[in-house]
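Colleague:
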Amino acid sequence: FSLATRPDRRILSYAHNGTRIEVTPSVRGLATIHDKDILIFCISQLMAALNAGRDVSRTLQLKAHDLLMATNRETSGDAYRRLREAFERLAGTRITTNIVTGEHETTTGFGLIESWEIVRKTRGGRMVSVSVTLSDWLYRAVLGRSVLTLSRDYFRLRKPLERRIYELARKHCGRQDSWRVSVDTLLKKSGSASPRRVFRKMLRDMIAAGHLPDYDMEECPGDLIRFSQKTPLVETPP
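Counted from 1, the sequence shown has number 106 at position 126 by our numbering; the numbering is strictly sequential.
1. Restricting to Cα atoms, I'd like to know which of Val127, Arg120, Asp194 is closest to glutamate 142.
2. So, at 6 Å on beta carbons, what are the nonlocal neighbours of leucine -8 in its own chain, with the 5 sequence-adjacent residues on each side left out?
3. Using 8 Å as the Cβ pair cut-off and three pairs as the minimum, do the region 198 to 209 and the region 157 to 165 touch?
4. Using only the alpha-carbon positions, how far apart do glutamate 85 and alanine -5 sit?
5. Going by beta carbon distance, what residues of the same chain come within less than 7 Å of leucine 114, once the five residues before and after it are set aside?
6. In the DSSP output, which residue or residues are listed as bridge partners for arginine 64?
7. Are the CB atoms of serine 109 and alanine 66 within a distance shorter than 8 Å?
8. Is the number of C-beta pairs between the region 181 to 195 and the region 117 to 134 that are closer than 8 Å three or more?
9. Less than 8 Å between the beta carbons of arginine 69 and alanine 11, yes or no?
10. Straight-line CA distance for proline 175 to serine -18?
11. Pick helix, strand or coil for leucine 251, following the three-state DSSP scheme.
12. So the candidates are Arg100, Pro201, Ile79; which of them puts its Cα closest to the Cα of glutamine 41?
13. Which residue or residues does DSSP assign as beta-bridge partners of cysteine 200?
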């Protein structure tokens, strides 16, 4: 997901331990970190249905107003227009990666969502309900429960880098009390295009603001950043 606020038409390539990932945008640009709200909402609906023992499928019927409210967005006409643009970026962004199974390497390509359509409009043309079909890759991750819960305050974070840093802290802290990482590694993991010097300044601004849900951030000697749980984890019986 792009952290840019303007259309990002770069082709992104990553390589690590023999695995390669390439992310190709559409003419609308890469899907952004704010577009990801739509996927988070879809995943939360699927997880709620799975936990309740209801049948699920890759295609979801969503009320646009519910989606906007749940992700802390306005419900103005302009917000519905931006929502449509987000669907277009999500459907247009393509991921290509190589997966090694045994001695065979398979290269596969897929989108974040397979398709979407406006099911119902108001007389003024505003979307009321929308149908979204998730990619098979994303759907299998949900069925395998390979998902993490997020704080509701995540949607109150307006700066793209704050959202990305929160996601990384959420993933890496897990059930640990804290997580230390170098600024260089955090820069690579974040996907930020900022120079190291500018990135470090943005991290210091985040530390000073203290907006991050669930986690405290502090700068440590050795060019390290430490994330720690704001409230101690309490283990509950299974």
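By construction, the Cβ of each residue, glycine as well, lies at the ideal position given by its N, Cα and C atoms. All values reported here derive from a predicted model rather than from experimental measurement.
Modeller: If we stick to the structure as given:
1. Residue numbering aside, residue 142 sits at position 162 when the sequence shown is read from its first letter. Comparing Cα-Cα distances from glutamate 142 to each of Val127, Arg120, Asp194, the minimum goes to Asp194.
2. Locating residue -8 in the sequence shown gives position 12, where the first residue counts as 1. The beta carbon of leucine -8 lies closer than 6 Å to those of Val3 in the same chain, with the five residues before and after it left out.
3. Using a C-beta cut-off of 8 Å, the region 198 to 209 makes contact with the region 157 to 165, since at least three inter-stretch Cβ pairs fall below that distance.
4. In the sequence shown, the residue the question calls residue 85 occupies position 105. In the sequence shown, the residue the question calls residue -5 occupies position 15. Taking the straight line from one Cα to the other gives about 15 Å.
5. As a first step, residue 114 must be located in the sequence shown, where it is residue number 134. Cβ neighbours of leucine 114 beyond the five flanking positions: Cys22, Arg38, Ile93, Glu94.
6. As a first step, residue 64 must be located in the sequence shown, where it is residue number 84. None, per the DSSP bridge assignment.
7. The count along the sequence shown starts at 1 and reaches residue 66 at position 86. The count along the sequence shown starts at 1 and reaches residue 109 at position 129. No. Outside cutoff.
8. yes
9. Indexing the sequence shown from 1 puts residue 69 at position 89. Indexing the sequence shown from 1 puts residue 11 at position 31. Going by C-beta atoms, arginine 69 is nearer than 8 Å to alanine 11.
10. Taking the first residue of the sequence shown as position 1, residue 175 is located at position 195. Taking the first residue of the sequence shown as position 1, residue -18 is located at position 2. Proline 175 and serine -18 have their C-alpha atoms some 16 Å from each other.
11. Nothing about residue 251 can be read from this structure; the chain reaches only from -19 to 218.
12. Translated into the one-based positions of the sequence shown, residue 41 becomes position 61. That would be Arg100, whose Cα lies nearest to the Cα of glutamine 41.
13. Counted from its first residue, the sequence shown places residue 200 at position 220. BP columns for cysteine 200 point to Leu204.
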